[in-house]
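These notes are about the structure you will find just below.
There are 2 protein chains.
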Amino acid sequence: MIDLTLLGKKAKRASYELAKANGKDKNDALAKIAEGLKKDIPDILQANKKDVEKAKANNISDALLDRLILSEQRINQVSDSLLELISLADPTGEVLEIKERPNGLRVGKQRVPIGVIGIIYESRPNVTADAAGLCIKSGNAVILRGGSDAINSNIAIVKSIQNSLENSKLPMDCVQIIEDTSRDTVKEFMRMNQYVDVLIPRGGAGLIKSTMENATVPVIETGTGNCHVYVDSNADLSMALDIIVNAKTSRPGVCNAAETLLVAQSEANEFLPRMKQALISKNVQLRCCEKSFELLKGDPLVTPSTEEDWGTEFLDYILAVKVVEGVDKAIEHINRYGTKHSEAIVTESYTRANQFLKEVDAAAVYVNASTRFTDGGEFGFGAEIGISTQKLHARGPMGLTELTTIKYIIYGDGQIR
Amino acid sequence: MIDLTLLGKKAKRASYELAKANGKDKNDALAKIAEGLKKDIPDILQANKKDVEKAKANNISDALLDRLILSEQRINQVSDSLLELISLADPTGEVLEIKERPNGLRVGKQRVPIGVIGIIYESRPNVTADAAGLCIKSGNAVILRGGSDAINSNIAIVKSIQNSLENSKLPMDCVQIIEDTSRDTVKEFMRMNQYVDVLIPRGGAGLIKSTMENATVPVIETGTGNCHVYVDSNADLSMALDIIVNAKTSRPGVCNAAETLLVAQSEANEFLPRMKQALISKNVQLRCCEKSFELLKGDPLVTPSTEEDWGTEFLDYILAVKVVEGVDKAIEHINRYGTKHSEAIVTESYTRANQFLKEVDAAAVYVNASTRFTDGGEFGFGAEIGISTQKLHARGPMGLTELTTIKYIIYGDGQIR
Numbered sequence: 000m001i002d003l004t005l006l007g008k009k010a011k012r013a014s015y016e017l018a019k020a021n022g023k024d025k026n027d028a029l030a031k032i033a034e035g036l037k038k039d040i041p042d043i044l045q046a047n048k049k050d051v052e053k054a055k056a057n058n059i060s061d062a063l064l065d066r067l068i069l070s071e072q073r074i075n076q077v078s079d080s081l082l083e084l085i086s087l088a089d090p091t092g093e094v095l096e097i098k099e100r101p102n103g104l105r106v107g108k109q110r111v112p113i114g115v116i117g118i119i120y121e122s123r124p125n126v127t128a129d130a131a132g133l134c135i136k137s138g139n140a141v142i143l144r145g146g147s148d149a150i151n152s153n154i155a156i157v158k159s160i161q162n163s164l165e166n167s168k169l170p171m172d173c174v175q176i177i178e179d180t181s182r183d184t185v186k187e188f189m190r191m192n193q194y195v196d197v198l199i200p201r202g203g204a205g206l207i208k209s210t211m212e213n214a215t216v217p218v219i220e221t222g223t224g225n226c227h228v229y230v231d232s233n234a235d236l237s238m239a240l241d242i243i244v245n246a247k248t249s250r251p252g253v254c255n256a257a258e259t260l261l262v263a264q265s266e267a268n269e270f271l272p273r274m275k276q277a278l279i280s281k282n283v284q285l286r287c288c289e290k291s292f293e294l295l296k297g298d299p300l301v302t303p304s305t306e307e308d309w310g311t312e313f314l315d316y317i318l319a320v321k322v323v324e325g326v327d328k329a330i331e332h333i334n335r336y337g338t339k340h341s342e343a344i345v346t347e348s349y350t351r352a353n354q355f356l357k358e359v360d361a362a363a364v365y366v367n368a369s370t371r372f373t374d375g376g377e378f379g380f381g382a383e384i385g386i387s388t389q390k391l392h393a394r395g396p397m398g399l400t401e402l403t404t405i406k407y408i409i410y411g412d413g414q415i416r
Numbered sequence: 000m001i002d003l004t005l006l007g008k009k010a011k012r013a014s015y016e017l018a019k020a021n022g023k024d025k026n027d028a029l030a031k032i033a034e035g036l037k038k039d040i041p042d043i044l045q046a047n048k049k050d051v052e053k054a055k056a057n058n059i060s061d062a063l064l065d066r067l068i069l070s071e072q073r074i075n076q077v078s079d080s081l082l083e084l085i086s087l088a089d090p091t092g093e094v095l096e097i098k099e100r101p102n103g104l105r106v107g108k109q110r111v112p113i114g115v116i117g118i119i120y121e122s123r124p125n126v127t128a129d130a131a132g133l134c135i136k137s138g139n140a141v142i143l144r145g146g147s148d149a150i151n152s153n154i155a156i157v158k159s160i161q162n163s164l165e166n167s168k169l170p171m172d173c174v175q176i177i178e179d180t181s182r183d184t185v186k187e188f189m190r191m192n193q194y195v196d197v198l199i200p201r202g203g204a205g206l207i208k209s210t211m212e213n214a215t216v217p218v219i220e221t222g223t224g225n226c227h228v229y230v231d232s233n234a235d236l237s238m239a240l241d242i243i244v245n246a247k248t249s250r251p252g253v254c255n256a257a258e259t260l261l262v263a264q265s266e267a268n269e270f271l272p273r274m275k276q277a278l279i280s281k282n283v284q285l286r287c288c289e290k291s292f293e294l295l296k297g298d299p300l301v302t303p304s305t306e307e308d309w310g311t312e313f314l315d316y317i318l319a320v321k322v323v324e325g326v327d328k329a330i331e332h333i334n335r336y337g338t339k340h341s342e343a344i345v346t347e348s349y350t351r352a353n354q355f356l357k358e359v360d361a362a363a364v365y366v367n368a369s370t371r372f373t374d375g376g377e378f379g380f381g382a383e384i385g386i387s388t389q390k391l392h393a394r395g396p397m398g399l400t401e402l403t404t405i406k407y408i409i410y411g412d413g414q415i416r
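Going down the list, the protein sequences come from chains P and B. The first sequence maps to residues 0 to 416 in numbering that gives the first Met the number 0. The second sequence maps to residues 0 to 416 in numbering that gives the first Met the number 0.
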């Protein structure tokens, strides 16, 4: 069994060193890490080969295998994205405000690193370097706990990063990995409140649920997206068609893809057949409510929906379809079944656009645009550690700023109370 | 057993209504609640009498009894503080920024209520109305779970609030109470992720620990304060004396009181005897490190410290005292033993003041002022729901703004990705 307490202590100590580092020191370290990863490509690929062989022997799915496999090109991409972080502004240190109180105390609010961040993830070894880069840039130490599938790759990547850190002004321990991937160890990790300030799980619904249930360290829930597109009465139907096709089919396996189409009754007769034609040609299964099934039936891809479909994140070429009376019912449906990720209305109505923006309870609410834009890059953050679907601390795409907290700094001249 | 799911559903529904309410509706409801509480004083006092009699029969401590007892004056104060909320700005609705992306999407960030807030507290029935008022003003529904000691008082207060809400434009269910105070019920409450967005425990260390350990709903950790005052070399010693006397003795039972005094070696000989004289005259026990014990011994209130003293929140007329080499060691001690609440340095050094502000890991870091100022009212927030000692979402005193979250609102004209 690994000594997690030692790991935690080292991370905490490193986080205090890192909080003192200036932006140049952090950028220099990122440049060294990026360079080191390129230099270590042969070692990393060799470690990755071990993981891939084991995975093949265990008959893992092609999709999982695709996530696991590294190539020279992929490592170069990871390295390049570290270099991109250098050009982003350092979020820490900024004083957001200083207010003078009547007694002369000056109360300031300053952005500071969170401290130690724990990342729990599955089989994508590229997360290892991505997460390390984001944490370093934002002044945080990180403890990585990746899945057993990718453990050799992850260890090789962290070894490369630590070697580069050793030649930088930052402490080597600001990036550490838990080499023991057993369940007991990860459970212990989730309860290290003394050393870990926040846990960010990245992966499927099961991983996120298990983290929420077992952790005593504060968790940022990420990811699950049961997203809707609602086509309002008098919408621009060509625009609506483009949006639903894009939201459903441009990348069905990601969290900001649409899973349910809601259509105002007044538009159903005209819009649904056009939608059917467009989506069936892309091999999308349509799971239809009674009304829409009546309109669309006759194709093997068109089937009646079940209650379960409304609450399912398909992550596949499947779309649930429902005719609703109007915007009120659409909002009610979304707030009941949605996962509070990304929701869109297509409308020409000023009033209903505003109503939808106000009343839909989600991280990102769109008027006349595809849900697919919920992404740190698309929002202009330059980088992203995940998409929060909870309401505390961060909501929606999390960039560097969301990896910081604040601290009150108070300047006095002897005030007592 | 109470039907918590029904309670949760009602709260969630009420939260959606409340999110639509405008500032005037919320203020009108607060005024009605304040008026209603005054009108219902006889009923509330009668219910409180039951609680007090039961508590006396159970021989609870005088301190707890004092927290439990209501009087006409206390209820009037609670009512007045609800009226004070009316004059504060409504934190919700504000659009913090709108940025236009290269593709023409306008990405905005809007402040919105969190949704449903769960408050878990102990024997102070005044928390019932205080918390309800703060939640309503910030647009949130609240589910209250007070301790069994005060259950009759709490039920009477909530009944009064609900009666007032029935005559307002807000839904009655925006304030609800869990009448069953059993442990099983509170544990179920802590895992109602579908209906409760955040839990705020208010009370002693045991309550907070149990909430952190059992909850799957995100928790904001509040309260514990093992605060330090560090007297630096070449500090203004008269100022230092005023500050430590104030921080220790003005109200020893609160979380922002000082528990440990750290003194730079160079000042120990001059400062410690003055400190001893001032604090012993106020009956403060001094638990001293070896060096300070040598200097101060000879009084029954002066005893040697144990390792445990450094990590203890005494909440009493007890002060741990330690001589340190200088600011580096002081920061090291604070980051090791502190609870990340409030920490102060008394210094004339520009460099060491900045070092302390930067390197101490706490919600509020002071130069030349008493730790006692960490408080929503003192910081100018007008009201406070608690003091967060964690780093996610809110840190330090939590006012109305900290009871909100953000939502991205995105205006498009047909953008697809």
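Even for Gly, the Cβ is constructed at its ideal location relative to N, Cα and C.
Check                                                                                                                                                                                          : Outcome
So P:L29 is in the alpha helix (DSSP H); what residue range does that whole segment cover?                                                                                                     : 22-38
Residues of chain B with CB closer than 7 Å to the CB of P:Q389, please, in chain order.                                                                                                       : P217
What number of angstroms, rounded off, separates the C-alpha of P:E99 from the C-alpha of P:R416?                                                                                              : 16 Å
Output, in sequence order along the chain, the residues in the stretch 398-413 of chain P whose CB is closer than 7 Å to any CB in chain B.                                                    : T404, I405, K406, Y407, I408, I409, Y410, G411, D412, G413
Does any CB atom of chain C fall closer than 8 Å to the CB of P:S369?                                                                                                                          : Although the question refers to chain C, the structure presented lacks it and instead comprises the protein chains P and B.
From what residue to what residue does the alpha helix (DSSP H) around P:P272 run?                                                                                                             : 264-279
Say whether chain B places a C-beta atom closer than 8 Å to the C-beta of P:Y15.                                                                                                               : yes
How long is the line joining the alpha carbons of B:L402 and B:E93, rounded to whole angstroms?                                                                                                : 14 Å
When we look at the beta-carbon of P:R351 and count the other beta-carbons within 10 Å, is it buried (16 or more) or exposed?                                                                  : buried
Verify the CB distance criterion: does P:V326 have a CB-CB separation below 8 Å to chain B?                                                                                                    : no
Quick check: B:L391 and P:L391, are their CB atoms within less than 8 Å of each other?                                                                                                         : yes
Could you work out which residue in P:V216, P:A343, P:R201 is closest to P:M189 when comparing CA atoms only?                                                                                  : P:V216
For B:N151 versus B:K49, is the C-beta spacing smaller than 8 Å?                                                                                                                               : yes
Is it the case that the Cβ atoms of B:A10 and B:A128 are separated by a distance below 8 Å?                                                                                                    : no
At the level of alpha carbons, what is the spacing between B:T223 and P:L356?                                                                                                                  : 39 Å
Closer than 8 Å by beta-carbon distance: list the chain B residues that pair up with P:I242, in chain order.                                                                                   : G413, I415
For the beta strand (DSSP E) holding P:R335, just list the boundary residues, first then last.                                                                                                 : Premise fails: P:R335 lies in the alpha helix (DSSP H), 326-336, not in any beta strand (DSSP E).
B:Y365 CB to nearest chain P CB: under 8 Å?                                                                                                                                                    : yes
List, from N- to C-terminal side, the beta strand (DSSP E) runs of 3 residues or more that fit wholly inside the stretch 131-217 of chain B.                                                   : 140-144, 174-176, 197-201
Using a Cβ-Cβ cut-off of 8 Å, state whether B:G202 counts as contacting chain P.                                                                                                               : no
Does the pairing of the stretch 174-194 of chain P with the stretch 144-160 of chain P give three or more beta-carbon distances under 8 Å?                                                     : yes
Starting from the C-beta of P:S163, find all residues in its chain whose C-beta is less than 6 Å away, skip the five residues before and the five after it, and write them out in chain order. : K31, I32, G35
Nearest chain B C-beta to P:S313 closer than 8 Å, yes or no?                                                                                                                                   : According to the sequence as given, residue 313 of chain P is Phe; it is not Ser. For P:F313, the answer is no, since every Cβ of chain B falls outside 8 Å of its Cβ.
Where do the N-terminal and C-terminal ends of the alpha helix (DSSP H) with B:R351 fall, by residue?                                                                                          : 349-358
Look up P:R250 in the DSSP assignment and say whether it is helix, strand or coil.                                                                                                             : coil
With distances taken from CA atoms, which of P:R66, P:I40, P:L84, P:A54 is nearest P:Q72?                                                                                                      : P:I40
Check the Cβ of B:R351 against every Cβ in chain P and list those closer than 8 Å, keeping chain order.                                                                                        : What B:R351 touches in chain P: nothing, since even the nearest Cβ is about 14 Å away.
Taking 8 Å as the CB-CB cut-off, is B:S249 touching chain P?                                                                                                                                   : yes
Can you grab the Cα-Cα spacing for the pair P:L82 / P:G381, in whole Å?                                                                                                                        : 12 Å
So, are the CB atoms of B:V228 and B:I207 less than 8 Å apart?                                                                                                                                 : no
Where in the stretch 44-115 of chain P do unbroken runs of the alpha helix (DSSP H), each at least 4 residues long, occur, reported from the N-terminal end onward?                            : 61-67, 71-86
Just to confirm the assignment, what range does the beta strand (DSSP E) spanning B:K11 have?                                                                                                  : Not the beta strand (DSSP E): B:K11 falls in the alpha helix (DSSP H), residues 3-19.
Pull the bridge partners of B:V323 from the DSSP assignment, please.                                                                                                                           : B:A263
Could you work out which residue in P:T373, P:E342, P:N367, P:E347 is closest to P:V359 when comparing CA atoms only?                                                                          : P:E342
Take the Cβ of P:I43 as the centre, count every other Cβ of all protein chains shown within 10 Å, and call the residue buried at 16 or more, exposed below.                                    : buried
Within this structure, are the beta carbons of P:I199 and P:I118 separated by less than 8 Å?                                                                                                   : yes
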